[in-house]
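Count along the sequence shown starting at 1, add 282, and that's the number in the working numbering. Beta carbons are placed, not taken as given, at the ideal position from N, Cα and C, and that holds for glycine. One structure is given below, encoded as structure tokens.
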Amino acid sequence: MLCYIHVPFCTRKCAYCAFASQVPRAGDMQAYVDALLQEIAIQGDRLGRRTISTLYFGGGTPSLLPAKVVEVVFRRLRRAFRIAPDAEITLEANPESVTAHHLHDLVSLGVNRVSIGLQAMDDESLGLLGRCHTARQGLAAAHNARMAGVQNLSLDLIWGRPGQRLKTWLDELRQVVSLRPEHLSCYSLTVEPGTPLETLCLARTLALPDEEEQGKMFVYGSEYLEGEGYLHYEISNFARLGFQSRHNTGYWEGRDYLGLGPSAVSTLEGRRWANPETLAAWVEAVRTDTLGQDAEPLTLEQRLTELVMLRLRTSRGLNLRGYRRLAGVSFTQQHAAKIQALSRRELIRIHGGYLRLSREGWLVADAILTNLITDG
Ligand code: SF4
Numbered sequence: 283m284l285c286y287i288h289v290p291f292c293t294r295k296c297a298y299c300a301f302a303s304q305v306p307r308a309g310d311m312q313a314y315v316d317a318l319l320q321e322i323a324i325q326g327d328r329l330g331r332r333t334i335s336t337l338y339f340g341g342g343t344p345s346l347l348p349a350k351v352v353e354v355v356f357r358r359l360r361r362a363f364r365i366a367p368d369a370e371i372t373l374e375a376n377p378e379s380v381t382a383h384h385l386h387d388l389v390s391l392g393v394n395r396v397s398i399g400l401q402a403m404d405d406e407s408l409g410l411l412g413r414c415h416t417a418r419q420g421l422a423a424a425h426n427a428r429m430a431g432v433q434n435l436s437l438d439l440i441w442g443r444p445g446q447r448l449k450t451w452l453d454e455l456r457q458v459v460s461l462r463p464e465h466l467s468c469y470s471l472t473v474e475p476g477t478p479l480e481t482l483c484l485a486r487t488l489a490l491p492d493e494e495e496q497g498k499m500f501v502y503g504s505e506y507l508e509g510e511g512y513l514h515y516e517i518s519n520f521a522r523l524g525f526q527s528r529h530n531t532g533y534w535e536g537r538d539y540l541g542l543g544p545s546a547v548s549t550l551e552g553r554r555w556a557n558p559e560t561l562a563a564w565v566e567a568v569r570t571d572t573l574g575q576d577a578e579p580l581t582l583e584q585r586l587t588e589l590v591m592l593r594l595r596t597s598r599g600l601n602l603r604g605y606r607r608l609a610g611v612s613f614t615q616q617h618a619a620k621i622q623a624l625s626r627r628e629l630i631r632i633h634g635g636y637l638r639l640s641r642e643g644w645l646v647a648d649a650i651l652t653n654l655i656t657d658g
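Here it is as structure tokens:
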């Protein structure tokens, strides 16, 4: 089982952020930790000491958790579950809230993978995104992670930012590659409804690069990273051989996962539930032991849709025999005309029993996937 712990606190809210996170007020951290420990105990009782194969502290900004708190959480997790000896244990960190000392403490506790949100390598872009760290702090954080003994380092970047061009993106990638991370996540900037970024874009104060420029950034960025020895193993993720994220790969492969903390989603044995979004509502649900009461079985249609949506974002692609086993019909026969048209345009390939999107296909993945799943 995969286990995800959502830490809902951030130093400040970024301009593009639509995640469940808030700046903590007095007492929030304590309320969160108390409820989290209780939720772990409740789920441990319900699930009967299942084995956690990967553990992921995401957020929010998990690096805001003091090492002492992480230690207590580990202790409670070990009491309630079994953590596999070779478990991948990831903690997301933001540059303003990590020091070599803090990271060293986290590594001593068992964290063996750190994912740092650099997002951009110049201060102007970081300011525009509303990040609360400088590029220099980002570099220092990566350096600190190595000093602390982190041997599996992932760095996050955002591309397709206002004012960004292909050349600046490739320069940025060169700079990040020189830090020799084992893993890179490169997400395209999405303008989420209700964010300050959306307001600026609607007022035409800011504009994202046009589609053609974004297409070049995706294709040439991917080619550059592959040339540097990174496998482009999922639409937004690159890794040196053997360093693909086991946790995220588990999601894409449809494994069971338990989500703890506000807004976290769980899917176990074909049933899914989502924790309340806000800290107060989640604390109350833990207190009254009502979490997961609205768990619903996934329908066959949901499972097939997720299978296609998630697998086609990976370089491995969709196992056609696996699909047929679940659906009772052949995917390629069901979608013969569309698949033919997409193959002619070299957007998809079928090889060795797998259907994959090409790099150009990934560029328009949303359109292809919507098209494939909305209509037989
Ligand atoms: S650090 Fe991440 S979760 Fe926190 S506000 Fe920024 S984008 Fe949102």
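Kindly list the residues whose CB is nearer than 8 angstroms to the CB of residue 578, restricted to its own chain and excluding five residues on each side of it in sequence; keep chain order. 553, 554 and 555
For residue 563, I'd like the list of residues in its chain whose CB is within less than 8 angstroms of its CB, leaving aside the five on either flank, ordered along the chain. 544
Quick check: what's the CA-CA separation for residue 412 versus residue 505? 29 angstroms
Please report the straight-line C-alpha distance between residue 414 and residue 450, rounded to a whole angstrom. 21 angstroms
Which word fits residue 395, buried or exposed, when buried means at least 16 other C-beta atoms lie within 10 angstroms of its C-beta? buried
Measuring CB to CB, does residue 621 end up less than 9 angstroms from residue 637? yes
Based on Cα-Cα distance, which residue from 360, 432, 448 and 561 lies nearest to residue 380? 432
For residue 309 and residue 597, the rounded distance between their alpha carbons: 45 angstroms
On the DSSP letters alone, give me the boundaries of the beta strand (DSSP E) that residue 514 sits inside. 513 to 516
Tell whether a beta-carbon distance below 9 angstroms holds between residue 438 and residue 470. no
Using a Cβ distance threshold of 8 angstroms, determine whether the stretch 386 to 403 contacts the stretch 478 to 494, with at least three qualifying pairs required. no
Touching or not, the stretch 330 to 350 and the stretch 369 to 384, by the rule of three or more beta carbon pairs under 8 angstroms? yes
Using 8 angstroms as the cut-off, classify the Cβ of residue 361 as near or not near the heavy atoms of ligand 1, replying yes or no. no
What does a CB cutoff of less than 7 angstroms around residue 388 pick up in its chain, not counting 5 residues either side in sequence? 349, 352 and 373
Quick one: Cα of residue 384 to Cα of residue 392, how far? 13 angstroms
Sorry if obvious, but does the Cβ on residue 298 come closer than 8 angstroms to a heavy atom of ligand 1? yes
Where do the ends of the alpha helix (DSSP H) carrying residue 288 lie? Element bounds for residue 288: not the alpha helix (DSSP H) but the beta strand (DSSP E), 284 to 289.
Can you list, in chain order, the stretches of the beta strand (DSSP E) that have 3 or more residues and sit fully within the stretch 451 to 488? 465 to 470
Please work out which residues of its chain come closer than 6 angstroms, Cβ to Cβ, to residue 454, disregarding the five sequence neighbours upstream and downstream, and give them in chain order. 403
Closer than 8 angstroms: is that where the CB of residue 303 sits relative to any heavy atom of ligand 1? yes
Cβ of residue 269 within 8 angstroms of any heavy atom in ligand 1? This structure cannot speak to residue 269, because the chain is shown only from 283 to 658.
Between residue 551 and the rest of its own chain, which residues show a CB-CB distance below 7 angstroms, the 5 nearest in sequence each way excluded? 538
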